[in-house]
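*Asks:* Going by my numbering, the letters in the sequence shown line up with residues 73 to 516, in that order. Here a beta-carbon is modelled for each residue, glycine too, at the ideal position from N, C-alpha and C.
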Amino acid sequence: MKKEQKMKLCYIKRIGEKSLFSLLILFSIFTGCSHRAVKKEQIPDENVAISSVAKIDSVLGFSFNWQFGRKKIELMPEIKAEFSGKVSIPDRVFLKGILKTGVVVENINAYTIEGKEYTYNKMTEIWEGGAKGSFPNPLEQLKLVLSFAEFKFIKFDNFIKIECYLFSFKPNVYFLDPIEATEPEGFLWLSKKDGLPLRVKVSSKKNLINWEMRLSNFNNFASINVPFKIQKIRISGIRNIKKEVDVIIDRFAFLGYEKPDVKIEKNGDVIFFINAERFGDSLLNAILMRGEVELFIGIWPKDPIFELKKDSALVREKYGKEARLFFERGIVTKPIIAVKNVLSRDAFLSFELRNDVLGEYSIYANVKSESVDSLKKIVERYKDEPLVILVDNIAVLVSFIRDTYLVENKIPIVKGLKGEESILLFSKLKNEPLECNYEFKRDE
């Protein structure tokens, strides 16, 4: 009896071991297939690289470190260049570095702004303007190098601790190798997170030519300006000095000016030392405005505009106690009456500036989750009625309330503005508002 029980137990154990082994085999097969399927799904095709290159034109700007060179090939002289700087899309560049062509060495410190070039004269210590010269343009050359495309995915990689896709591509480097003697090969590192190029590198046979650009600080600034001379601006009455000064400095930096030095005097006055190309009082006044945002339901005026314009009491009498007459972007042919405040800046989480590639920009407000219900009620009640957007008590946009606001919980603040206007406006929205509007005096 005991012998039979032992044999039975051994048989069950062997069956159990075989079943367990079979299950393990099946599990490893399925997990392996699943793993391979996931891997296959994650591998990007060339369209990812093509769209990344196209994205360059949609950013506000970027910083770069750029090197290129060529050894002497036949009659072509040796070239060696090392640059750093910034690009503001579409047509502003700051370039600093060294360009060596044969035995000629140039120290370059230049701005290219809207087709005009400014170089620094060490003798006079001033920036001198002139027609666009022959300095290399980093944005144009980046696009040129990538223009042949033929992207092929190589592997998943990391660059400065950022997860990337690494592609190879056929580089266009005829400007370095017009006789095609170097067999160049290009490599492109794309950020997996935002799809932007972080590094572009070209190498060649026997290192006869090289080209490399590293890109960073996307959208951290929106303009570039020449620091012609220092202007001193005095502001009184700032209570929370550290916070307010930080906000004001960030606005200057985003507009493309060097971050101003600051001096705080014993009486509490704050002096800003600003390097500026053109800096009128109107620009300073705009920078020092609070950055308040208000949204009103609007109606079209039914009475003669010249009467309403000269009599605010008449506007309130005819259109309601909150009613105010505005002109969209100050254009007298676009009158609108704001009658009911429905949202203020407190309802918005953040603002974003978008470049539509044609040199025009739009700003959108992202609605806070706790304000989404209020937005739904506004859309349901006032759909297709005019919405007046006020920034610092100026009507920057009149649009019609649409269902599309609820798709991404975004509201357009301005649409289709030229760069300088929209960038100045966004500089006041990207951070917390100032505590109040400040006045200034110019110090000699």
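Residue ranges of each beta strand (DSSP E) run of no fewer than 3 residues wholly in the region 430–471, ordered along the chain?
*Replies:* 432–439, 458–463
*Asks:* Check whether the Cβ atoms of L327 and S295 lie closer than 8 Å to each other.
*Replies:* yes
*Asks:* Going by DSSP, name the residue or residues bridged to C236.
*Replies:* DSSP output for C236 lists D229, S263 as bridge partner(s).
*Asks:* Might you give, ordered along the chain, the residues of its own chain that have their beta carbon closer than 7 Å to the beta carbon of E330, omitting 5 neighbours on each side?
*Replies:* P299, N347
*Asks:* Run through DSSP, which three-state label would E118 get?
*Replies:* helix
*Asks:* With F136 as the anchor, note down where its alpha helix (DSSP H) starts and where it stops.
*Replies:* That residue, F136, is in no alpha helix (DSSP H); its beta strand (DSSP E) goes 133–142.
*Asks:* Below 8 Å, how does it come out for the region 235–243 and the region 212–227: are there three or more Cβ pairs, yes or no?
*Replies:* Counting Cβ pairs under 8 Å, three or more are found: they touch.
*Asks:* Whole angstroms is fine: what's the gap from S100's alpha carbon to K273's?
*Replies:* In this prediction, S100 has a pLDDT of 49, which is less than 50 and means its spatial position is unreliable; what the coordinates show is noted afterwards. For S100 and K273, the distance between alpha carbons rounds to 40 Å.
*Asks:* DSSP has S184 in a bridge; who is on the other side?
*Replies:* Reading the sequence as shown, one finds Thr at residue 184 and not Ser. Its beta-bridge partners are V165, E189.
*Asks:* Report yes if the CB atom of V414 is closer than 8 Å to the CB atom of I450, and no otherwise.
*Replies:* Inclusion of V414 and I450 in the CB contact set at 8 Å is warranted, their separation being smaller than that value.
*Asks:* Using beta-carbon positions only, say whether V342 and I377 come within less than 8 Å of one another.
*Replies:* no
*Asks:* Can you tell me whether P250 is buried or exposed? The criterion is at least 16 other CB atoms within 10 Å of its CB, across all chains shown.
*Replies:* exposed
*Asks:* Which residue spans inside the region 374–423 form an unbroken alpha helix (DSSP H) run of at least 4?
*Replies:* 377–382, 384–391
*Asks:* Using the DSSP secondary-structure output, state which residues sit across from Q303 in a beta bridge.
*Replies:* For Q303, which the question treats as bridged, DSSP gives the partners I346.
*Asks:* Can you give the Cα-Cα distance for E400 and Y246, rounded to whole angstroms?
*Replies:* 50 Å
*Asks:* Please state if the CB of L248 and the CB of W283 are separated by a distance shorter than 8 Å.
*Replies:* yes
*Asks:* Which same chain residues end up closer than 8 Å to Y436 when comparing Cβ atoms and leaving out the 5 residues on each side of it in sequence?
*Replies:* F423, E424, R426, K482, I483, P484, I485
*Asks:* Roughly how many angstroms lie between the CA atoms of V411 and V468, to the nearest whole one?
*Replies:* 16 Å
*Asks:* Just to confirm, is the Cβ distance from N291 to G133 under 8 Å?
*Replies:* yes
*Asks:* In angstroms with no decimal places, state the Cα-to-Cα distance between I226 and G141.
*Replies:* 25 Å
*Asks:* Tell me which residues share the same chain as R311 and place their Cβ nearer than 8 Å to its Cβ, disregarding the 5 neighbours each side in the sequence.
*Replies:* Correct list, in chain order: E507.
*Asks:* Just to confirm, are S34 and V365 a CB contact at a threshold of 8 Å?
*Replies:* There is simply no residue 34 to check, as the chain begins at 73 and stops at 516 in what is shown.
*Asks:* Can you check which of these residues, V444, I409, K448, is closest to V460 by C-alpha distance?
*Replies:* I409
*Asks:* Do L262 and S124 have their C-beta atoms within less than 8 Å of each other?
*Replies:* A contact, by the Cβ cut-off of 8 Å.
*Asks:* Flag this pair as yes or no: are the beta carbons of I371 and P458 separated by less than 8 Å?
*Replies:* yes
*Asks:* Terminal residues of the continuous alpha helix (DSSP H) containing I321?
*Replies:* 313–326 is the span of the alpha helix (DSSP H), which, as asked, contains I321.
*Asks:* What is the rounded straight-line gap between the Cα of K277 and the Cα of F155?
*Replies:* 24 Å
*Asks:* In the DSSP assignment, find the beta strand (DSSP E) that holds L478 and state where it starts and stops.
*Replies:* Element bounds for L478: not the beta strand (DSSP E) but the alpha helix (DSSP H), 477–480.
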